[in-house]
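Okay, so here's the structure we're looking at.
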Amino acid sequence: MPKSYETILVKNDDGIVTLTLNRPEKMNALTGPMMQEIMDVFEEIDLDESMRVVVITGLGNGFCAGADYGWAGSTDGPGAGVAGERNYRRMVLGLQERLRVFPRPTIAAVNGHALGLGFWLAMLCDFVVASPSARFGIPQIRYTHPNGGSIKSMMDFVPHRWAVYHLLTGEAITAEQAERFDMVNKVVSKDQLLPEAYKLAEVMKEKDPVILRFLKRSIWREKYLSYAEAIDLDNMQSAQVSAVRQAMGITGPSGLESMKAEKSKVRGR
Numbered sequence: 015m016p017k018s019y020e021t022i023l024v025k026n027d028d029g030i031v032t033l034t035l036n037r038p039e040k041m042n043a044l045t046g047p048m049m050q051e052i053m054d055v056f057e058e059i060d061l062d063e064s065m066r067v068v069v070i071t072g073l074g075n076g077f078c079a080g081a082d083y084g085w086a087g088s089t090d091g092p093g094a095g096v097a098g099e100r101n102y103r104r105m106v107l108g109l110q111e112r113l114r115v116f117p118r119p120t121i122a123a124v125n126g127h128a129l130g131l132g133f134w135l136a137m138l139c140d141f142v143v144a145s146p147s148a149r150f151g152i153p154q155i156r157y158t159h160p161n162g163g164s165i166k167s168m169m170d171f172v173p174h175r176w177a178v179y180h181l182l183t184g185e186a187i188t189a190e191q192a193e194r195f196d197m198v199n200k201v202v203s204k205d206q207l208l209p210e211a212y213k214l215a216e217v218m219k220e221k222d223p224v225i226l227r228f229l230k231r232s233i234w235r236e237k238y239l240s241y242a243e244a245i246d247l248d249n250m251q252s253a254q255v256s257a258v259r260q261a262m263g264i265t266g267p268s269g270l271e272s273m274k275a276e277k278s279k280v281r282g283r
């Protein structure tokens, strides 16, 4: 990935792409151009089947402090008043949707604060690895109404009573609490944060990309379906996986054959 960016760093190491938010002086707070660069990278990765996994982290002492409201209200931002706020939210929704439907596995390596939009950026990833200094939360309650889906992220990933507590107080969730709430997969020492993320990335890199694409789609959709609807979707997606694999000339064993082989190995132990 030879292209250079102003607000992010991108490195491709044999199919594992590291996207580093690169505004450490602002705790990696998101501006419109930064969100656009992130979307551009995801678009590029989506078009290249050799790029299999994305690790997102932040440069310096923070993951992402949320929206850069200084930029949003400046002359370089989306504009002033109601129209400017609408334009900014359109950028936020664009990034959210791009990440939500992204077909490759995503891993957030959270070092320091993940607040506001930084909170949902981490929560929208498939996996979250955190250092002990990680802090998660939506502090906007202290001065405005949270936006950009932050409340939904909190309600989705935090037990109800604790979600209400942290939303109303603005108090951040510690790494220890996040692990207890099942918001993160693992808390590791700061020096092991990226190695742990890369270890997980290596595991995901070996998975069938076609199956992962459809599985990720099902995970998001089935969360809001009835059991009967979920079964119908699973059956449809399974047929589509087989059709896509055949169209792409993928000659590996079918899902049923793989399961039979795995069971045979287990029985032979």
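Residue numbers (this note's numbering): 15 to 283. The beta carbon of each residue, even a glycine, is placed where N, CA and C say it ideally should be.
Around the Cβ of R104, are there at least 16 other Cβ atoms within 10 angstroms (buried) or fewer (exposed)? Classification of R104: exposed, given that the 10 Å Cβ count is below 16.
Supposed close pair V198, V115 - CB separation, criterion 8 Å: Wrong, their Cβ atoms sit about 23 Å apart, outside the cutoff.
Between the C-alpha atoms of A128 and A148, what's the straight-line distance to the nearest angstrom? Answer to the nearest angstrom: the Cα atoms are 7 Å apart.
Pick from K219, R194, A123 that is closest to L73, judged by C-alpha positions: The candidate whose alpha carbon is nearest that of L73 is A123.
Start and end of the beta strand (DSSP E) containing D27? 22–27 is the span of the beta strand (DSSP E), which, as asked, contains D27.
Could you check what DSSP says for K277 in three-state terms: helix, strand or coil? At K277 the pLDDT is 47, less than 50, meaning the model places this residue with poor confidence and gives no usable figure here.
Shorter than 9 Å from the beta carbon of G126 to some beta carbon of chain C? Checking the listed chains, one finds no chain C in this structure; it contains a single protein chain.
Take the Cβ of W85 as the centre, count every other Cβ of all protein chains shown within 10 Å, and call the residue buried at 16 or more, exposed below. If you draw a 10 Å sphere on the C-beta of W85, you find 16 or more other C-beta atoms in it, and that means buried.
Who are the Cβ neighbours of M49 in its own chain at under 6 Å, not counting the five residues just before and after it? Cβ within range, chain order: M105, L109.
Is D60 near Y19, with beta carbons less than 9 Å apart? Their beta carbons are not under 9 Å apart, which means D60 does not touch Y19 by this criterion.
When we look at the beta-carbon of V96 and count the other beta-carbons within 10 Å, is it buried (16 or more) or exposed? With fewer than 16 other CB atoms across the displayed protein chains lying within 10 angstroms of its CB, V96 is exposed.
Can you give me the C-alpha to C-alpha distance between K25 and L35, rounded to a whole angstrom? K25 and L35: Cα-Cα distance of roughly 12 Å.
Does DSSP put K17 in a helix, in a strand, or in coil? Looking at K17 - three-state DSSP - the assignment turns out to be coil, as it is neither helix nor strand.
Is I70 helix, strand or coil when you go by DSSP? DSSP places I70 in strand when its eight states are reduced to three.
By how many angstroms is the C-alpha of K204 removed from the C-alpha of T32? Straight-line Cα distance between these residues: approximately 17 Å.
For F77, does the three-state DSSP call read helix, strand or coil? F77 falls in the coil class under three-state DSSP.
From K237 to F133, what distance separates their C-alpha atoms? Those two C-alpha atoms are separated by around 20 Å.
Hey, would you say G126 sits closer than 9 Å to R156, going by beta carbons? The answer is no: Cβ separation not under 9 Å.
Measure how close the beta-carbons of G80 and G130 come, nearest whole angstrom, since I'm counting them as under 8 Å. Between G130 and G80 the Cβ distance is about 3 Å, and since that is below 8 Å, they are a contact.
Hey, would you say A192 sits closer than 9 Å to P153, going by beta carbons? Between A192 and P153, the CB-CB gap reaches or exceeds 9 Å.
A43 (DSSP reduced to helix, strand or coil): Secondary structure at A43: coil, using DSSP grouped into helix, strand and coil.
Kindly indicate which three-state DSSP category I152 falls into: helix, strand or coil? Assigned with DSSP and collapsed to three states, I152 falls in coil, not helix or strand.
Would you list the residues sitting across from H127 in a DSSP beta bridge? Looking at the DSSP assignment, H127 forms a beta bridge with R149.
Using three-state DSSP, classify T120 as helix, strand or coil. Three-state result, T120: strand.
Taking C-beta to C-beta, are K219 and R66 nearer than 9 Å? Closer than 9 Å, so yes.
Inspect the beta-carbon positions of N42 and C78 and report whether they are closer than 9 Å. Yes, these two residues count as a Cβ contact at 9 Å.
Pick from P119, L44, R235 that is closest to T21, judged by C-alpha positions: Nearest C-alpha to T21: L44.
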